[in-house]
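Quick notes on the structure that follows.
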Amino acid sequence: MLLQQIEHWAEETPQHPAHRHREQSLTYAELNAYSDALAVWLRERVARDYHSDHNKHKRLPVVIYGHKESEMPVLFLASVKAGHPYIPIDTSVPPERLRKILETSQAAAVLSPQVLPAAVKRSGFLWQEQIHLGDLHSLAPLGTHRKPEWQIGPDDVWYIIFTSGSTGEPKGVQITRRALESFVTWVNRQYCPRRGEEVFLNQAPFSFDLSVMDLYMSLSNGGTLWSVDREQIANARELFRSLAEAHLSYWVSTPSFAEMCLLDPGFASALLPDLRYFLFCGEVLPNDVASRLLARFPQARVINLYGPTEGTVAVSGVDISAEMAENSEPLPVGEHSPGCRIYICNSDELDTNNQSHLETDNCNRLEAGNLSCLETNNGGRLETDSGSRLETNNEQRLETVSLLKPLPAGEKGEIVIVGPNVSIGYLNHPELTRQAFFAWREEGGTQRAYRTGDIGCQRDGRLFYLGRRDFQIKLHGYRIELGEIEEQLRKLPGVENAIVLPLERRGKTAALQAFVKLCADITVLSAAKPRETTEPRQTTEPRETTEPHGQNYSFDLGQHLRKQLSRVLPAYMLPQRYIFIRNIPLTANGKVDRRALLGGHYDPV
Amino acid sequence: MHNQTTTEPNAEANNQAKIRSVILSALTDICGTAEVADNLQLDLFAHGLLDSFGLVELMLTIHEQLGLEIAPTEVERETWSTPEKIIGYLEGKAR
């Protein structure tokens, strides 16, 4: 069990650093003692605050709001030990989005090493605590702490990660202890960290599930997690100074981040002489990036991993050889798989099945004769009798698909993940859960299944990722539902309709572009949009006035929309380019013609 | 000798014009707006027009089109925050 492994390292190597961030360092002894003490305090505080209805509130999530502070792992483990799933929220998230997540999750509390934004503090619907290492030390002077009874069963939720949602709101993916431990066991077995010796790079924010890999691989093996923050990442000189000091042995990042580092000739084995593994996940690994890494770091292996947040970080991985990287074929994303199975299915059949079980649901879910179901709850009970239902501790029911047949090897289709790593669904969104998750009957029992929306195929025992079947994209590793941005744009005054599309440069998604149709009454926008630039301007040519429909006017308007959006969306979801059009082009079927927009076939304002 | 003193400033002026043209064209493409060519003091980072990944694209373009190799560790973000600063930095490097 993960908590026991971490406790083992606190006893075995108490002074070994568990987490380092800049000058801050947290030892294993501190991690264990502080998280124990904080868990006891948290449980008592929740019991006091929800005195009249303790049972109802005892498993409510706790939001951990911060960036890379050394306290962060203490706050995560304290929540888990107290029996509360944690929701990591990065400080780059705008206050409005944070407030929305707090509402959706019905969180019991917010713990943070930082001051919360005023808008959240004023909300008054939950309590917040600012917790520093100093507070933790006074809460639990080392050697005197009380050890709580851990209250997390195998099917209880360990963490919830919020991802972009196509309906316009972020959705929380719930990952159980069983799923997390299954994932950690697999990556440890596959990529063999030496116990007590390794240093893992933490590049991704803790709110991005890629960080789950470096955090728990490191803590389960008595390693050191070496965090770099966004200021360091934005300043290459500072970043390289930190990397040189780290003695990293495991590099865990998105391919985009490594590609950025590769631009510097100093990014080579002399900088990272102890590096043994590059573990990549979150987006497509370009062949040339793999090839250059293998050439510059001959002592390291390059691993390409694949998996959605709903499958607990990754469900497959493949060791990329120089030969594979030099090939013109896209790189495979997997050949190994833990307890999970990966199937390629016909999307239309999945849709039909989804539709049929939704219709069944409308009639009487419990009498669905040809559907059998699985039930998981806190005790991990499994019931597969025909006609019963699958119900999680979040009261979300899944139906078994008994008729689906995976496509044969070589055929292209939708990737379906089946097994213990699959999430129990989206927090407080049963309908969204039913659309994406279902139960899969196979020999020996029934397992949870998730339809990824990813298109792929299997060849020679390897999995290949071929794109998406919907409007979800990956930008520098971040998963983005374009529909969520469109929804937020449409809510802005003066915007009648908006379509957001990826902007490709150098053969990859480089940014986002928004095609915006304004309301007929443009004065709505003019009134809302004063010129904000106050600096004196030096121009190459005389500048035109910002007349409506002029080039400068468009720029100002785009900047105005971007600023409005930044109040509700994180920076990585903000379109960079705004194109104002008279009408949204439609196909013969009346759908938005995205190809026309991408091809420049539109009527600009 | 006489010829040399007249061609050198010309060569430098040509070089500067090329740098300016390449950078403004690249920034217009990467930032998605001609405003960058119109307002050389526009703060590219503050307006969300350029980020670390955009900077990487710009460096690749500079290498391809101007033959100048820029390492990310060589530049501070502040020294590359406006079109004018980028052009000035490259003109200095090309001398």
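Chains as they are written, first to last, in UniProt numbering: chain A, 1 to 605; chain B, 1 to 95. All C-beta atoms in this analysis are idealised placements derived from N, C-alpha and C, irrespective of residue type, glycine included.
- Jot down the residue ranges of each uninterrupted alpha helix (DSSP H) in the segment 256–333 of chain A, minimum 4 residues, whole runs only, in chain order. 287–296, 322–326
- For K18(B), name the three-state secondary structure that DSSP assigns. helix
- Cβ pair A119(A), P95(A) closer than 7 Å: yes
- Message: Please give the ranges of any alpha helix (DSSP H) in the segment 2–41 of chain A, keeping only runs that are unbroken, at least 4 residues long and fully inside the region.
- Response: 2–12
- Item | As assigned by DSSP and simplified to three states, the class of I152(A) | coil
- Message: Quick check: is the beta carbon of V56(B) nearer than 7 Å to any beta carbon in chain A?
- Response: yes
- Item | Assigned exposure category for G54(B) - 16 Cβ within 10 Å defines buried | buried
- In three-state DSSP terms, what is E84(B)? helix
- Message: Check whether chain B comes within 7 Å of L561(A), counting only Cβ atoms and requiring the distance to be less than that.
- Response: no
- Is the Cβ of P530(A) closer than 7 Å to any Cβ of chain B? With a pLDDT of only 44 at P530(A), under the threshold of 50, the placement of this residue in the model should not be trusted, and no figure is reported.
- Determine, using beta carbons only, whether Y578(A) and V516(A) come nearer to each other than 7 Å. yes
- Do L294(A) and A270(A) have their C-beta atoms within less than 7 Å of each other? no
- Task: Can you have a look at M1(A) and say buried or exposed, based on whether 16 or more other CB atoms are within 10 angstroms of its CB?
- Result: exposed
- Item | the segment 262–285 of chain A: positions lying closer than 8 Å to chain B by Cβ | L263, D264, P265, G266
- Spell out whether any CB of chain B is found under 7 Å from the CB atom of F555(A). yes
- Can you pull the DSSP bridge partners for K171(A)? T163(A)
- Can you say whether A37(A) is buried or exposed, counting buried as having 16 or more other CB atoms within 10 angstroms of its CB? buried
- Message: Please list, in chain order, the chain B residues whose beta carbon lies closer than 9 Å to that of A510(A).
- Response: I30, F53, G54, E57
- Task: May I have a chain-ordered list of the beta strand (DSSP E) segments no shorter than 3 residues that lie completely inside the segment 62–143 of chain A?
- Result: 62–66, 86–90, 109–112, 127–130
- Please go through the same chain and pick out, in chain order, the residues whose beta-carbon is closer than 8 Å to the beta-carbon of E310(A), but skip the five residues on each side of it. V173, I417, V422, S423, A436, F437, Y450, T452
- Item | Under 9 Å (Cβ pairs) to chain B, residues found in the segment 490–509 of chain A | L503, R505, R506
- Query: Is it true that the CB of I485(A) sits closer than 7 Å to the CB of G467(A)?
  - Reply: no
- Use the C-beta contact count for D603(A): other C-beta atoms within 10 angstroms, 16 or more gives buried, fewer gives exposed. exposed
- Could you spell out where the alpha helix (DSSP H) holding D214(A) opens and where it closes? 210–220
- Looking at C-alpha atoms only, which residue of L272(A), E69(A), W41(A), R99(A) is the closest neighbour of A82(A)? W41(A)
- Item | Q41(B) (DSSP reduced to helix, strand or coil) | coil
- Message: With distance defined between alpha-carbon atoms, name the residue in R479(A), E129(A), P170(A), I415(A) nearest to Q458(A).
- Response: I415(A)
- Item | Min CB distance D593(A) to chain B below 7 Å | no
- Query: What is the C-beta distance between A107(A) and V63(A), in whole angstroms, given that I count them as a contact (C-beta under 8 Å)?
  - Reply: 5 Å
- Item | Three-state class that DSSP yields for D470(A) in the structure shown | coil
- Cross-chain neighbours of R237(A) in chain B, by beta carbon under 9 Å: P72, T73, E74, V75, E76
- Message: Below 7 Å on C-beta distance, what does G48(B) contact in chain A?
- Response: R562, L574, Q576
- Query: CB-CB under 8 Å to E326(A), same chain, minus the five flanking residues each way: which ones, in chain order?
  - Reply: N287, S291
- Item | Proximity test, Cβ basis, 7 Å: H67(A) and chain B | no
- Task: Could you check which residue in G461(A), V110(A), R241(A), I233(A) has the C-alpha nearest to that of E259(A)?
- Result: I233(A)
- Message: Let me see if you follow: with CB-CB separation under 7 Å, is A234(A) close to chain B or not?
- Response: yes
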